[in-house]
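Visitor:
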Amino acid sequence: MPRKASLLAAVLVAALPAAAGATSIADVVDHPDAYANTQVTVVGTVIQQPLGYLGESMYTIAADDRRITVVSGRTPPAAGERLEVSGKVGVKPPDEEFTWPPVIRESARQPAP
Numbered sequence: 005m006p007r008k009a010s011l012l013a014a015v016l017v018a019a020l021p022a023a024a025g026a027t028s029i030a031d032v033v034d035h036p037d038a039y040a041n042t043q044v045t046v047v048g049t050v051i052q053q054p055l056g057y058l059g060e061s062m063y064t065i066a067a068d069d070r071r072i073t074v075v076s077g078r079t080p081p082a083a084g085e086r087l088e089v090s091g092k093v094g095v096k097p098p099d100e101e102f103t104w105p106p107v108i109r110e111s112a113r114q115p116a117p
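The opening position of the sequence shown corresponds to residue 5 in the numbering used here, with each subsequent residue numbered one higher.
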């Protein structure tokens, strides 16, 4: 009987939506060095007009009173669309005049639950 219970628990955990393990956009933006070159999943709403050209795109998603830019090898999503985006966090070192915000290089996207 314990084996069946542990198997059931494993199945239930696997069925949880990926958003349950999402990192907040605020956390990535507020602590970019902690997330540099790591894979994250964030959930947010596409704001402003996304840019797209020849199948590449750049768009901004917002949540938690923060926003982050996403660079993608796909066509842009529509403004107002709520997405779950996975990708690697890129951080450019600051120079003497400007601290660059982090960006996410998208590896996957899907509608957010």
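Yeah, the Cβ is synthetic: ideal placement off N, Cα and C, and Gly gets one too. Since the structure is predicted, the reported quantities are computational estimates derived from the model, not experimental observations.
Near M5, which residues of its chain fall below 7 Å by C-beta distance, leaving aside the five closest residues on each side in sequence?
Guide: Walking along the sequence shown from the start, residue 5 turns up at place 1. Reliability fails at M5, whose pLDDT of 45 lies under 50, so the model's placement of it is uncertain and no value is given.
Visitor: P80 to R70, Cα distance in whole Å?
Guide: If you number the sequence shown from 1, residue 80 lands on position 76. If you number the sequence shown from 1, residue 70 lands on position 66. When rounded, the distance between both Cα atoms is 20 Å.
Visitor: Check each candidate in Y57, E101, S111 and L55 and name the one with the smallest Cα separation from K92.
Guide: For the purposes of this step, residue 92 is taken as the residue at position 88 of the sequence shown. Answer by Cα proximity: S111.
Visitor: With C-beta atoms as the reference, is A40 less than 8 Å away from V107?
Guide: Locating residue 40 in the sequence shown gives position 36, where the first residue counts as 1. Locating residue 107 in the sequence shown gives position 103, where the first residue counts as 1. Result no, Cβ atoms of A40 and V107 do not sit closer than 8 Å.
Visitor: Report yes if the C-beta distance between T42 and I65 is below 8 Å; otherwise report no.
Guide: Working through the sequence shown from its first residue, we reach residue 42 at position 38. Working through the sequence shown from its first residue, we reach residue 65 at position 61. The answer is no: Cβ separation not under 8 Å.
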